[in-house]
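Chains as they are written, first to last, in my numbering: chain A, 1 to 244; chain B, 1 to 223.
Here a beta-carbon is modelled for each residue, glycine too, at the ideal position from N, C-alpha and C.
Take a look at the structure set out below.
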Amino acid sequence: MDKTLHDLATAVAGIEDGMTVMIGGFGGSGAPIELIHALIDRYRETGHPKNLTVVNNNAGNGHVGLAALIEAGMVSKLICSFPRSADPVVFTELYLAGKIELELVPQGTLAERIRAGGAGIPAFYTPTSYGTDLAQGKPVAEFEGRSYVQERWLKADYTLVKAHLGDRLGNLTYRMAARNFGPLMCMAAANTIVQVSRLVEPGGIDPEAVVTPGIFVQGVVEVPNPTQEEDLNRAKAVYPEVSQ
Amino acid sequence: MTTKLTPTQMAWRAAQDITDGAYVNLGIGFPEMVARFQPPGREAIFHTENGILGFGEAPAAGEEDWDLINAGKKAVTLKPGTAFFHHADSFAMVRGGHLDVAILGAYEVAETGDLANWSTGPRGVPAVGGAMDLVHGAKRVAVITDHVTKDGRPKLVQRCSLPLTGVGCVTRIYSSLAVIDIEDGRFVLREKLPTMSVEDLQSLTGAELLTQGPVADLIVPEL
Numbered sequence: 001m002d003k004t005l006h007d008l009a010t011a012v013a014g015i016e017d018g019m020t021v022m023i024g025g026f027g028g029s030g031a032p033i034e035l036i037h038a039l040i041d042r043y044r045e046t047g048h049p050k051n052l053t054v055v056n057n058n059a060g061n062g063h064v065g066l067a068a069l070i071e072a073g074m075v076s077k078l079i080c081s082f083p084r085s086a087d088p089v090v091f092t093e094l095y096l097a098g099k100i101e102l103e104l105v106p107q108g109t110l111a112e113r114i115r116a117g118g119a120g121i122p123a124f125y126t127p128t129s130y131g132t133d134l135a136q137g138k139p140v141a142e143f144e145g146r147s148y149v150q151e152r153w154l155k156a157d158y159t160l161v162k163a164h165l166g167d168r169l170g171n172l173t174y175r176m177a178a179r180n181f182g183p184l185m186c187m188a189a190a191n192t193i194v195q196v197s198r199l200v201e202p203g204g205i206d207p208e209a210v211v212t213p214g215i216f217v218q219g220v221v222e223v224p225n226p227t228q229e230e231d232l233n234r235a236k237a238v239y240p241e242v243s244q
Numbered sequence: 001m002t003t004k005l006t007p008t009q010m011a012w013r014a015a016q017d018i019t020d021g022a023y024v025n026l027g028i029g030f031p032e033m034v035a036r037f038q039p040p041g042r043e044a045i046f047h048t049e050n051g052i053l054g055f056g057e058a059p060a061a062g063e064e065d066w067d068l069i070n071a072g073k074k075a076v077t078l079k080p081g082t083a084f085f086h087h088a089d090s091f092a093m094v095r096g097g098h099l100d101v102a103i104l105g106a107y108e109v110a111e112t113g114d115l116a117n118w119s120t121g122p123r124g125v126p127a128v129g130g131a132m133d134l135v136h137g138a139k140r141v142a143v144i145t146d147h148v149t150k151d152g153r154p155k156l157v158q159r160c161s162l163p164l165t166g167v168g169c170v171t172r173i174y175s176s177l178a179v180i181d182i183e184d185g186r187f188v189l190r191e192k193l194p195t196m197s198v199e200d201l202q203s204l205t206g207a208e209l210l211t212q213g214p215v216a217d218l219i220v221p222e223l
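Encoded structure:
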């Protein structure tokens, strides 16, 4: 078994028009910038993929990574909890112009919906959002005297995630708080593609330290020294005109 | 003479109620300052929704590691005993009743304990983040807020007019003028600035303030 992919273009080649794509990261931490940029490169060359539904906590920042994907016109719908950031100009303009759809989900509900998708649980009840605008139209039930809102699983065709160490079997570790949605999104997609900072031999990750077991991963591509969205934005970078 | 507490002073007052050993989540903005005023001899562990327990202070400029940030996307540091975890575990800590205290900001708080702190209405881009999760599950949900809006209208009201974050969730308010508990759907005044009368405070509050026994003086150091 060898899930290693040898370049970024191959890694994103299977993503088609209209697919749902989960993208890891909380703000810039954990954002798979190189995989996202490879997807933008493909769109610029072929016109595909487009009309994507993207699942992420945020809506991108500046003009790189997820913001650049949105700016390129590849995203028709965003499912996220917090589409604001220090510099959310790309999403904000498209949203206010009615050119991109938004499904706003409380952050913990977003995480649990993704986890449920990966775990084969079609729906669950949560106290979050009960009595608020975000619970409108959703079934409510009472358990032990408290009211809970029914939420449904969230699944994807593809997940793009950044991890730290990976092996050819797909076992992964993450770096500090860059873990965030990664382990959940890896579970919830038919195809999970991971960029790792270092590819190691099987056994190179202590089994006690594996965070995502390889069963949840379909492809691993090595990207040494990945860029941080925050560094790109501080340099006022714009993709595809990033100087690297 | 103190006419109202600054946000820093409100944070100081809220910090005095955090007990030794408490697990605490601090909302983005003013509530983050609570961590700076832990009373000596007490160790609280701070939780951030993006997946860290027990993080340390902000690093010096230029020393940031952007894989090590808090929910406000500001850089933090490691401390001995820091733990990382994914988002589903993080919100299990929140909703599962494992946090002792969450301290949040507010646009409005109702005497019923309803909180509005995520949306000022239908204009612009809506964003909720973890606000709706945090109001459920923490054993105590407290709010730090100016007592009135910038144009002088009460933020402590009978019923919230803005979109709700949660229903019946707030238990204590640290305002710029007073400390108020919410008990059985009523505001109960616990402390007030010594320069104010209860009547003065009532005139700035949008619902009835009950007093049960003596009201203590709200005394906070210059910070």
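Item, Value
"Beta-carbon proximity of residue 54/A to residue 23/A, cut-off 7 angstroms", "yes"
"C-alpha distance - residue 201/A paired with residue 165/A, whole-angstrom precision", "10 angstroms"
"Cβ-based burial, residue 103/A [other Cβ within 10 Å; buried from 16]", "exposed"
"Three-state class that DSSP yields for residue 66/A in the structure shown", "helix"
"Given 8 angstroms, three or more beta-carbon pairs between the region 68-75 of chain B and the region 144-164 of chain A", "no"
"Whole-number beta carbon distance between residue 52/A and residue 81/A, since they are thought to touch under 8 angstroms", "So it is not a contact: roughly 18 angstroms between Cβ atoms."
"Listed by chain order, chain A residues near residue 165/B by CB distance under 8 angstroms", "132"
"Closest by C-alpha distance to residue 70/A, when choosing among 99/A, 46/A, 86/A", "99/A"
"Own chain partners of residue 8/B with C-beta closer than 7 angstroms, once the 5 adjacent residues on each side are dropped", "33, 223"
"Secondary structure, beta strand (DSSP E): runs of 3+ residues fully inside the region 9-83 of chain A", "20-23, 52-55, 75-80"
"Collapsed DSSP secondary structure at residue 180/B in the structure displayed", "strand"
"Buried versus exposed call for residue 155/A [16 or more other C-beta atoms within 10 Å across all chains shown]", "buried"
"Chain A contacts made by the region 38-69 of chain B, where a contact means CB separation under 9 angstroms", "48, 49, 50, 51, 52, 55, 64, 65, 66, 67, 68, 69"
"Residue 70/B and residue 47/B closer than 7 angstroms at C-beta", "no"
"Any C-beta of chain B under 7 angstroms from that of residue 244/A", "Note on residue 244/A: pLDDT 45, under 50, position unreliable in the model; the coordinate value appears next. Closer than 7 angstroms: no."
"Element boundaries [beta strand (DSSP E), containing residue 145/B]", "140-145"
"Residue span of the beta strand (DSSP E) that contains residue 109/A, given as start and end", "Element bounds for residue 109/A: not the beta strand (DSSP E) but the alpha helix (DSSP H), 107-119."
"8 angstroms contact criterion, which residue 11/A and residue 196/A should meet: CB distance rounded", "Not a contact, Cβ separation roughly 11 angstroms."
"Residue span of the beta strand (DSSP E) that contains residue 224/A, given as start and end", "Per DSSP, residue 224/A belongs to no beta strand (DSSP E) and is neither H nor E."
"Cβ neighbours of residue 175/A in the same chain (closer than 7 angstroms, five flanking residues each side left out)", "164"
"Anticipated Cβ contact below 8 angstroms, residue 88/B with residue 112/A, distance rounded", "6 angstroms"
"Residue-chain proximity (residue 133/B, chain A), Cβ-Cβ < 7 angstroms", "yes"
"Given 8 angstroms, three or more beta-carbon pairs between the region 155-175 of chain B and the region 117-127 of chain B", "yes"
"Integer Cβ distance of residue 177/A from residue 51/B, believed to fall under 8 angstroms", "5 angstroms"
"Status (buried if at least 16 other CB within 10 Å, exposed otherwise) for residue 197/B", "exposed"
"Validate contact between the region 138-145 of chain B and the region 96-105 of chain B using beta carbons, cut 8 angstroms, 3 pairs", "yes"
"Range covered by the alpha helix (DSSP H) that runs through residue 7/B", "7-15"
"Beta-carbon proximity check, residue 130/A vs residue 105/A, cutoff 7 angstroms", "no"
"Cβ-based burial, residue 180/A [other Cβ within 10 Å; buried from 16]", "buried"
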